[in-house]
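Encoded as structure tokens, the structure appears first; notes follow it.
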Amino acid sequence: LKYNYATGVNLITKYQDIYGLGVVLGDGVVLGDGVVLGDGVVLGDGFVLGDGVVLGDGVVLGDNIMTSDGVVLGDGAFFCGGGSMLADGVVLGDGVVLGDGVVLGDGVVLGDGVVLGDSAIEAMSAMLGGDAGLEMKPLN
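Residue 935 in our numbering is what sits at position 22 of the sequence shown, and the numbering runs on without skipping anything.
And the structure:
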């Protein structure tokens, strides 16, 4: 029989995720390699995190959400519900709120306190107090 094993740095970096205090994981949660979860993170049922995802302290995420590799969520980011998708390299600032079914394209950056309503699709960045290059309009 062939056995796979890891030692030293490989054991730590490849097979051990880093979890903060008070982390709650729902049923069917899938975590990629190198995931870092801050204190008080709550992940709903059926949540999928890609490789190298970093979730700050107090992040609350609903059911059936998918994130690609390298997504970074700041402290207190909150997803209202399920069916959302975050593509590669998405960065969310502190206190961001996203509604159900939100889709964020590759490399989107949302600044602190940004709120997106249900079923919003964003392919550009929105920075609070900054200029994203294209004007962001409030969702009704």
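We treat Cβ as the ideally placed atom computed from N, Cα and C, and that holds for glycine.
Subject >> Whether Val-943 touches Val-966 by CB criterion (8 Å) >> reply: Contact flag unset, no.
Original post:
On the three-state DSSP scale, how would you describe Val-961?
Top reply: Here DSSP, grouped into helix, strand and coil, assigns Val-961 to strand.
**OP:** Please list, in chain order, all residues of the same chain as Met-979 whose beta carbon is under 6 Å from its beta carbon, the five residues on each side excluded.
**Re:** Cβ neighbours of Met-979 beyond the five flanking positions: Val-961, Met-998.
Original post:
So, using beta-carbon positions, are Gly-975 and Phe-992 closer together than 8 Å?
Top reply: In contact: Gly-975 and Phe-992 (Cβ atoms closer than 8 Å).
Original post:
By how many angstroms is the C-alpha of Val-954 removed from the C-alpha of Val-1021?
Top reply: Cα atoms of Val-1021 and Val-954: separation of roughly 22 Å, rounded to the nearest angstrom.
Original post:
For Leu-1029, does the three-state DSSP call read helix, strand or coil?
Top reply: Annotated three-state conformation of Leu-1029 is strand, per DSSP.
**OP:** Answer yes or no: do Gly-969 and Ala-990 have a C-beta to C-beta separation smaller than 8 Å?
**Re:** Taking 8 Å as the cut-off, the beta carbon of Gly-969 is found closer than this to the beta carbon of Ala-990.
Original post:
Does any residue of chain C bring its CB to less than 8 Å from the CB of Val-984?
Top reply: Among the protein chains of the structure shown there is no chain C, as only one such chain exists.
Original post:
On the three-state DSSP scale, how would you describe Val-937?
Top reply: In the three-state reduction of the DSSP assignment, Val-937 falls in the strand class.
Original post:
Does the Cβ-Cβ distance between Gly-1014 and Gly-996 come in under 8 Å?
Top reply: Between Gly-1014 and Gly-996, the gap from beta carbon to beta carbon is short of 8 Å.
Original post:
Count the other CB atoms within 10 Å of the CB of Val-937; is the residue buried (16 or more) or exposed (fewer)?
Top reply: Per the 10 Å Cβ criterion, exposed.
Subject >> Val-949 versus Val-1027: straight-line alpha-carbon distance, rounded >> reply: Val-949 and Val-1027 have their alpha carbons spaced roughly 23 Å apart.
Original post:
Considering only residues of the same chain and omitting the five flanking positions on each side of Ser-981, which have a CB-CB separation below 7 Å?
Top reply: Non-local beta-carbon contacts of Ser-981 in its own chain, meaning distances under 7 Å to residues more than five positions away in sequence, involve Gly-963, Leu-999, Ala-1000, Asp-1001 in chain order.
Original post:
Beta-carbon separation of Val-985 and Val-972 under 8 Å?
Top reply: Taking 8 Å as the Cβ cut-off, Val-985 and Val-972 do not qualify as a contacting pair.
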